[in-house]
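Residue numbers (the numbering used here): 4 to 88. Backbone N, C-alpha and C fix where the C-beta goes; we use that ideal spot for every residue, glycine too.
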């Protein structure tokens, strides 16, 4: 977690796999690295609700609306062809 300045409640979390020298002296770092994984029994599925993950239905809808917006704003691109003579 990194605060965004004094007297501020803004913060960010960073999960890194390597040393981040550009954070030195600027962020508070806590935690420790592990060189191996502890085996688990796999009985509990970890769920993070409302994490910003998009389901395929949302992606398809977003792609369709993006295509429509592109075609609306650039109709000439739809009909542009190259002719070889």
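Simplified DSSP state of residue i, which is helix, strand or coil
i, result
"residue 50", "coil"
"residue 20", "coil"
"residue 75", "helix"
Environment of residue i [buried if 16+ CB atoms lie within 10 Å]
i, result
"residue 21", "exposed"
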